[in-house]
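The sequence shown begins at 2 in the numbering used here and counts up one residue at a time.
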Amino acid sequence: MRAEPAQYRLVSPGNLQGALSLLASEPTQWLPIAGGTDVMVLYSAGKLPNRKLVDIWNIPELRQIEVFPDRIRIGAGCTYTALRQHESVSREFPLLATAASWTGGIANQNRGTLGGNIANASPAADSLPVLLVYDAELTLVSVRGERRVSYRTFHTGYKQTVLSGDELILNISLPRGFSGYLAHARKVGARNAQAISKVCLAALGQISHGVIRDVRLALGSVAPVPLRLNETENMLTGKQIDPLLIDAAKKSAVKEIRPIDDIRSTARYRSAVASNLVADFLAKLTAEGAST
Numbered sequence: 002m003r004a005e006p007a008q009y010r011l012v013s014p015g016n017l018q019g020a021l022s023l024l025a026s027e028p029t030q031w032l033p034i035a036g037g038t039d040v041m042v043l044y045s046a047g048k049l050p051n052r053k054l055v056d057i058w059n060i061p062e063l064r065q066i067e068v069f070p071d072r073i074r075i076g077a078g079c080t081y082t083a084l085r086q087h088e089s090v091s092r093e094f095p096l097l098a099t100a101a102s103w104t105g106g107i108a109n110q111n112r113g114t115l116g117g118n119i120a121n122a123s124p125a126a127d128s129l130p131v132l133l134v135y136d137a138e139l140t141l142v143s144v145r146g147e148r149r150v151s152y153r154t155f156h157t158g159y160k161q162t163v164l165s166g167d168e169l170i171l172n173i174s175l176p177r178g179f180s181g182y183l184a185h186a187r188k189v190g191a192r193n194a195q196a197i198s199k200v201c202l203a204a205l206g207q208i209s210h211g212v213i214r215d216v217r218l219a220l221g222s223v224a225p226v227p228l229r230l231n232e233t234e235n236m237l238t239g240k241q242i243d244p245l246l247i248d249a250a251k252k253s254a255v256k257e258i259r260p261i262d263d264i265r266s267t268a269r270y271r272s273a274v275a276s277n278l279v280a281d282f283l284a285k286l287t288a289e290g291a292s293t
């Protein structure tokens, strides 16, 4: 069943305040649309429940990337192409640039936005584990004002978030200071490109004299929400990497995740892949420590 265009209304205020006023006038009834890479899939299939759409594509406040001494602030409307091409993002946050390159093809990267990916709240989104390991903070905005939310607490369940019906994601803030970390990302999918992840890993690690000083592990497609492996991280921190520790980390990771069987994969396969991705990262971290 396909959508009937006459049943939908699209309004383009052209500025942030106009968009927020529409959202406030009928909370949950107006659906923001930027690049439309997720929204238009539902629309074309006749499965888009919202009949009122507010265009936020060209709002200047949502399209900026600003670099401050302590952080980088990315407008929610920034595309994946903009992230890939931004010098500071590529240099200081390589995991985000890598995830941006994984997101669909060039056309999708030109239209898809980081804020849209966050709001869509798919646990299979490639960029979301990256935001977890970089300790991202979101600024949410409405006519009532702004509020800041740690990205760790943003997702409350499958396709559920703390975003209110009258709010937009204004920007995403990432703290600077990861230059001394080994950054590692892996995606396992049906193809090398333009495929939804079966499992994806974003990881950061810092090692000194063979001892793990800090480690950050996040996985996608293994739980109802993008998942930070807190217990596994705590178990690894302060330890020297050896085969026994790697084996323990694999088992710990499997205990933390909650994979399911679906059209793309099985829970058993996802568990095996997730544990192996963690092991691969730790082996790479060991090699990094041996070379320094």
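We put the CB at the ideal spot given by N, CA and C, even for glycine. As the structure is a computational prediction, the values presented were derived from the model and not from experiment.
Here's the rule: buried if 16 or more other CB atoms are within 10 angstroms of the residue's CB, otherwise exposed. What is P367? Absent from the model: residue 367. The displayed extent of the chain is 2 to 293, so no value can be given.
In terms of residues, what are the limits of the beta strand (DSSP E) holding I213? To locate residue 213, count along the sequence shown from 1; it is residue 212. Its beta strand (DSSP E) spans residues V212 to G221.
Own chain partners of L23 with C-beta closer than 7 Å, once the 5 adjacent residues on each side are dropped: The residue you call residue 23 lines up with position 22 of the sequence shown. These residues qualify, in order along the chain: V12, P14, W31 and V55.
Taking the beta carbon of Q110 as the centre, do at least 16 other beta carbons fall within 10 Å, making it buried, or is it exposed? For the purposes of this step, residue 110 is identified with residue 109 of the sequence shown, where counting begins at 1. Its Cβ being crowded by 16 or more others within 10 Å, Q110 is buried.
Please report the distance separating the alpha-carbon of L283 from that of E88. As a position in the sequence shown, residue 283 is number 282, starting the count at 1. As a position in the sequence shown, residue 88 is number 87, starting the count at 1. Taking the straight line joining both Cα atoms gives about 28 Å.
Endpoints, the alpha helix (DSSP H) within which N172 is located: Counting from 1 along the sequence shown, the entry for residue 172 is found at position 171. N172 -> not in any alpha helix (DSSP H); beta strand (DSSP E) instead, spanning L169 to P176.
So D248 is in the alpha helix (DSSP H); what residue range does that whole segment cover? Working through the sequence shown from its first residue, we reach residue 248 at position 247. Run containing D248: P244 to E257, per the alpha helix (DSSP H) assignment.
Should the region 167 to 176 be called in touch with the region 255 to 263, which here means at least 3 C-beta pairs below 8 Å? no
Check for me: the beta strand (DSSP E) holding W103 runs from which residue to which? Working through the sequence shown from its first residue, we reach residue 103 at position 102. Counting along the chain, W103 falls outside any beta strand (DSSP E), though it belongs to the alpha helix (DSSP H) covering P95 to W103.
What separation, rounded to the nearest whole angstrom, lies between the Cα atoms of I242 and V134? Counting from one through the sequence shown, the residue named residue 242 turns up at place 241. Counting from one through the sequence shown, the residue named residue 134 turns up at place 133. Looking at the two C-alpha atoms, the distance is approximately 20 Å.
Per DSSP, D56 forms a beta bridge with which residues? Within the sequence shown, residue 56 is the residue found at index 55, counting from 1. I34, per the DSSP bridge assignment.
Quick one: what does DSSP say K240 is sitting in, helix, strand or coil? For the purposes of this step, residue 240 is taken as the residue at position 239 of the sequence shown. If DSSP states are grouped into helix, strand and coil, K240 belongs with coil.
Helix, strand or coil for G166? Go by DSSP, reduced to three states. By one-based count along the sequence shown, residue 166 stands at place 165. Coil, per DSSP.
In or out: H210 buried (at least 16 other Cβ within 10 Å) or exposed? Your numbering for residue 210 matches position 209 in the sequence shown. It counts as exposed.
So L175 and R187 are supposed to be a Cβ contact under 8 Å. How far apart are they, rounded? The residue given as residue 175 occupies position 174 in the sequence shown. The residue given as residue 187 occupies position 186 in the sequence shown. L175 to R187, Cβ: 20 Å. No contact.
Which class does Q65 belong to by DSSP, given the choice of helix, strand or coil? For the purposes of this step, residue 65 is taken as residue 64 along the sequence shown, with counting starting at 1. Of the three classes helix, strand and coil, the one that applies to Q65 here is coil, per DSSP.
Is F155 close to the ligand GDP? I mean its beta-carbon at under 7 Å from any heavy atom of the ligand. No copy of the ligand GDP occurs in the structure displayed, which carries no ligand at all.
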